[in-house]
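In the working numbering, the protein residues as written are 963 to 1919. Note that beta-carbon positions come from the ideal geometry of N, C-alpha and C, so glycine has one too. Computed from a predicted model, the values in this text were never measured in an experiment. Reading through the structure tokens given below for one structure.
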């Protein structure tokens, strides 16, 4: 919406617009904030802040906003177009039962889904414990020493395993071997990722052909795609041959099967990877689901992604934190070995709680029932004259029907069952937790078999029976009743700080409202119960929603095409860069491989460029934080024949609208390069500027930021990639869903054709209810809130960067470096002290060390923003008290923060009183958030690495 557009006047009988619920400050509050900033209207503020050169003309072409009731009705209609059948397609995706206590109290609970990544561990102890349970579950079941805190999906987890094996292997070969029984989507994702970094992928039938002479790693699916289980000697033999070749051995294992089968660790695997979807996480047309990655002892420091470890707090009490945090890829930048910067925390929590609730006996009971159904089905098919492949399997049966496979699949479909079509002659039938004898009878009818499935049969090889114990920690035995489970979940959530408690003013992370109406469709069976490889007709509602959302995203960004497949911002970055790389190659310029990245850029930009096979060249920034255009021209000239792209964040990572962005694009285009505009800060542009119009060729968008998908404690996320028409032929595609992308595409980025499809209704509902005017108003108020915070706090903390007219964009950076030099008080001290005041800290030391980046968003009302400002001003007074000598910094409330209730009951020898410690400033006793632990000693946890459930007794500090 342009500043001159006439206001929309709703009918007096119309319901209150959703935008009025989403946007925190009302008109009176906005007027007060505008006065503080020195402007008379939102239009005037935005006109001053946003450079004229990038402004779009006219309003966004979006439907008139729907009310919440209308949006739900439309979503109901879309959902009704989906057809939910019994899903027996397999290929790594299975129907499952989400225990109601977990569904209601985790998946549908804002205390869990509105939390941020646990970078402030003191106020994240609940989700960190849940993730430690996840790591323990995975490590125990795989028989390996250490598991990470979740990956994006199985395909990308195996791809990360391949990269890990390449780094660690002593073999000179650049070939990784994938068994032909690996999941087809996994093979495709690995090919996409491997090609970009020069790894050769060889797929072969390892049982028939064996291993080649030279290779650095090998991946085996366990059980295989066809359900096959080989003899134990096959699996141990692969490990022995890999070790002899100096290579590493990865097993892509089904965790439910591992409750009955020997673990990968038992037969010599170095790495295990896979997903945890069947541990209570709905199918959701492909996601989100938590992948996993585990490694043997000695490889834990090579794990990509996040790792939760056990440490101690300042009082010696056991506490959890993210271990080895320097491995985070946005810190390693161009030296990164992965671009993973998003996990699937919410889904990992669900999977871990599924294991906690069922325990080892319950999981094994489910697995035995699943296997018995598969074995009984196979016996009945054979009795009915149908040939069944193989004698050993866990849950998947492949039947041979020469020339008649399609007919069997169609007959089952008519009876409400989706089977897997595995060619003209083969039908795949995957049993799962929801399989019943009645379902098996339907399957048999489709084959023309009248016998019923036998019971209590087995088709497991004797030598593969699981012999060791797993999930022995008390947490997997203590919560069998629903009462106990309910209280455990509530107790953990009480330890955490999430958006349901108060503002999370994280710069660059856009922690805005995740409205209940937006979340409502998430667990509807019509969206939750669709297999990602179900026939397209079964997902007609999904495809309509995907089409509408894609059109809206291209409209608001100014691009021509969008792919919703990437299931994280990091994956969207990679997809965009691979599209640029493919474009240059198609134009006969494969030598173009240099990616220019400003020194101010988010670290995932550099990491993604490396993983796209590009060389990173850093462009300098000026003293005011802008990209140095003179240095840019020099770098473009230096790399004139090899320039591929520039990656630039807009508004900049420094929180300002740079005035030279259009000129930047002209310089890069003039040098033959493409312009990648990182969409992390799109919340400051919607309705006023479109990256595709002011010079961008490609952007990724963070739907878990600007478009209201909740962060879920560090995942789920969706990172669509949007491109101009010339790059559209190189968007991601998928071998199992031709409609998911162009035939000339770069291959799949995620395991599922549409990534984390089940959370797309959240963003659909946001755009549908906000409309053009609402989205534009949200941008205006986000900019207003940031400038209001800057104006109020500037007298107390210098605002490091500003744009034209001294304004910031949607976030501001507070510079504490001078105060630290003067007093010794650090940004960490301020961050931890904010906990005592009842706040999550802003982003620390990014993009500039020694600073705090604040993004209040449009959803916080003035009272909450003022409460934050008051807390920061009070903290500044405490810093002044340190400066004047009232307290030494080491014994100040800043260094002692956060303070716990437990401290109040003990001896008190600090030079400030208890009330100041726990009820500082205007903090009131009512509703106070209490940190469960004191400041955590990070170095202790890294020196004494413990990444699974520790003994119940507390550590001695």
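Inset, instruction - To the nearest angstrom, report how far apart residue 1453 and residue 1091 are at their CA atoms. - result: Here residue 1453 refers to the residue found at position 491 of the chain shown. Here residue 1091 refers to the residue found at position 129 of the chain shown. Looking at the two C-alpha atoms, the distance is approximately 11 Å.
Legend entry - The alpha helix (DSSP H) enclosing residue 1741, as first and last residue numbers: Locating residue 1741 in the chain shown gives position 779, where the first residue counts as 1. Its alpha helix (DSSP H) spans residues 1722 to 1755.
Inset, instruction - Less than 8 Å between the CB atoms is what I'm expecting for residue 1307 and residue 1089, so what's the real figure, rounded? - result: Walking along the chain shown from the start, residue 1307 turns up at place 345. Walking along the chain shown from the start, residue 1089 turns up at place 127. Going by Cβ atoms, the distance from residue 1307 to residue 1089 rounds to 6 Å, so yes, they are a contact pair.
Legend entry - Beta carbon of residue 1603 nearer than 9 Å to that of residue 1634: Walking along the chain shown from the start, residue 1603 turns up at place 641. Walking along the chain shown from the start, residue 1634 turns up at place 672. Yes, Cβ-Cβ distance for residue 1603 and residue 1634 is below 9 Å.
Inset, instruction - Check whether the Cβ atoms of residue 1978 and residue 1595 lie closer than 9 Å to each other. - result: The question about residue 1978 has no answer, for the chain in this structure spans 963 to 1919.
Legend entry - alpha helix (DSSP H) runs contained entirely in the segment 1876 to 1900, provided each spans 4 or more residues: 1876 to 1880
Legend entry - residue 1772 in three-state terms, based on DSSP: Walking along the chain shown from the start, residue 1772 turns up at place 810. The answer is coil: DSSP assigns residue 1772 none of H, G, I, E or B.
Inset, instruction - Express the C-alpha separation of residue 1210 and residue 1137 in angstroms, rounding to a whole number. - result: Within the chain shown, numbered from 1, the residue matching residue 1137 stands at position 175. Within the chain shown, numbered from 1, the residue matching residue 1210 stands at position 248. Distance between the alpha carbons of residue 1137 and residue 1210 is about 12 Å.
Inset, instruction - Taking 8 Å as the threshold, find out whether the segment 1242 to 1250 comes into contact with the segment 1058 to 1077 through three or more Cβ pairs. - result: yes
Inset, instruction - With a 10 Å radius around its C-beta and 16 neighbouring C-beta atoms as the bar for buried, classify residue 1783 as buried or exposed. - result: Numbered from its first residue, the chain shown carries residue 1783 at position 821. Residue 1783 should be labelled exposed.
Inset, instruction - For the segment 1837 to 1850 and the segment 1502 to 1513, state whether three or more C-beta atom pairs, one from each stretch, are separated by less than 8 Å. - result: no
Legend entry - Bridge-paired residues (DSSP) for residue 962: Residue 962 lies beyond the stretch modelled for the chain, which goes from 963 to 1919, so this question has no answer here.
Inset, instruction - Would you mind sorting residue 990 into buried or exposed? The rule is 16 or more other CB atoms within 10 Å of its CB. - result: Translated into positions along the chain shown, residue 990 becomes position 28. The residue in question, residue 990, is exposed, as its Cβ has fewer than 16 Cβ neighbours within 10 Å.
Legend entry - Helix, strand or coil at residue 1848 [DSSP, three-state]: The count along the chain shown starts at 1 and reaches residue 1848 at position 886. Residue state, collapsed to three classes: coil.
Inset, instruction - Use the C-beta contact count for residue 1736: other C-beta atoms within 10 angstroms, 16 or more gives buried, fewer gives exposed. - result: Taking the chain shown and counting its residues from 1, the one referred to as residue 1736 is at position 774. It is buried - the Cβ of residue 1736 has at least 16 other Cβ atoms within 10 Å.
Inset, instruction - Would you give the residue range spanned by the alpha helix (DSSP H) that residue 1797 belongs to? - result: Translated into positions along the chain shown, residue 1797 becomes position 835. Where residue 1797 is concerned, the enclosing alpha helix (DSSP H) stretches over 1789 to 1798.
Inset, instruction - Determine, using beta carbons only, whether residue 1620 and residue 1570 come nearer to each other than 9 Å. - result: Mapped onto the chain shown, residue 1620 falls at position 658. Mapped onto the chain shown, residue 1570 falls at position 608. No, they are not a contact pair.
Legend entry - Three-state class that DSSP yields for residue 1902 in the structure shown: The residue you call residue 1902 lines up with position 940 of the chain shown. Residue 1902: helix per DSSP, three-state reduction.
Legend entry - Alpha carbon of residue 1348 to alpha carbon of residue 1145, nearest angstrom: Working through the chain shown from its first residue, we reach residue 1348 at position 386. Working through the chain shown from its first residue, we reach residue 1145 at position 183. Their backbone Cα atoms lie some 25 Å apart in a straight line.
Inset, instruction - Assign residue 1667 to one of two classes, buried (16 or more other C-beta atoms within 10 Å of its C-beta) or exposed (fewer than that). - result: Here residue 1667 refers to the residue found at position 705 of the chain shown. That one is buried.
Inset, instruction - Quick one: using the 10 Å Cβ neighbour count with 16 as the cut-off for buried, is residue 1822 buried or exposed? - result: The residue you call residue 1822 lines up with position 860 of the chain shown. Flag for residue 1822 reads buried.
Inset, instruction - Name the one or two DSSP bridge partners that residue 1358 has. - result: Residue 1358 sits at position 396 when you count from the first residue of the chain shown. For residue 1358, which the question treats as bridged, DSSP gives the partners 1392.
Legend entry - Per-residue DSSP class, three states only, for residue 1164: Numbered from its first residue, the chain shown carries residue 1164 at position 202. Reduced to three states, the DSSP call for residue 1164 is strand.
Inset, instruction - Report yes or no: do three or more beta-carbon pairs, one from the segment 1198 to 1208 and one from the segment 1299 to 1313, lie closer than 8 Å? - result: no
Legend entry - 3 or more residues per run - each beta strand (DSSP E) lying fully within the segment 1249 to 1286: 1253 to 1257, 1270 to 1275 and 1280 to 1284
Legend entry - Whether residue 1396 touches residue 1231 by CB criterion (9 Å): Counting from one through the chain shown, the residue named residue 1396 turns up at place 434. Counting from one through the chain shown, the residue named residue 1231 turns up at place 269. No. Outside cutoff.
Inset, instruction - Name the residue from 1615, 1898 and 1493 whose alpha carbon lies nearest to the alpha carbon of residue 1586. - result: Within the chain shown, residue 1586 is the residue found at index 624, counting from 1. Checked all of 1615, 1898 and 1493; the closest Cα to residue 1586 is 1615.
Legend entry - Outcome for residue 1773 when other beta-carbon atoms lying within 10 angstroms are tallied against a minimum of 16: Locating residue 1773 in the chain shown gives position 811, counting from the first residue. Buried, by the Cβ-count rule.
Inset, instruction - Please say whether residue 1488 and residue 1275 have beta carbons closer to each other than 9 Å? - result: Taking the first residue of the chain shown as position 1, residue 1275 is located at position 313. Taking the first residue of the chain shown as position 1, residue 1488 is located at position 526. Their beta carbons are not under 9 Å apart, which means residue 1275 does not touch residue 1488 by this criterion.
Inset, instruction - Entirely within the segment 1066 to 1131 and at least 4 residues each: give me those alpha helix (DSSP H) ranges in chain order. - result: 1072 to 1075, 1087 to 1104 and 1116 to 1130
Legend entry - N-terminal and C-terminal residue of the alpha helix (DSSP H) that residue 1599 is part of: Here residue 1599 refers to the residue found at position 637 of the chain shown. Unbroken alpha helix (DSSP H) run through residue 1599: 1591 to 1600.
Legend entry - Inter-stretch contact at 8 Å, needing at least 3 Cβ pairs: the segment 1027 to 1045 / the segment 1465 to 1474: no
Legend entry - Helix, strand or coil at residue 1616 [DSSP, three-state]: If you number the chain shown from 1, residue 1616 lands on position 654. Reduced to three states, the DSSP call for residue 1616 is coil.
Inset, instruction - Report all residues from its chain with a CB closer than 6 Å to the CB of residue 1758; omit the five preceding and five following residues, and keep chain order. - result: Residue numbering aside, residue 1758 sits at position 796 when the chain shown is read from its first letter. 1835 and 1838.
Legend entry - 6 Å CB neighbourhood of residue 1910 in its chain, flanking five on each side removed: Working through the chain shown from its first residue, we reach residue 1910 at position 948. Closer than 6 Å at Cβ, skipping near neighbours: 1097, 1098 and 1101.
Legend entry - residue 1652 to residue 985 span [Cα, whole Å]: Position 690 of the chain shown, counted from the first residue, corresponds to residue 1652. Position 23 of the chain shown, counted from the first residue, corresponds to residue 985. Rounded to whole angstroms, residue 1652 to residue 985 spans 22 Å at the Cα level.
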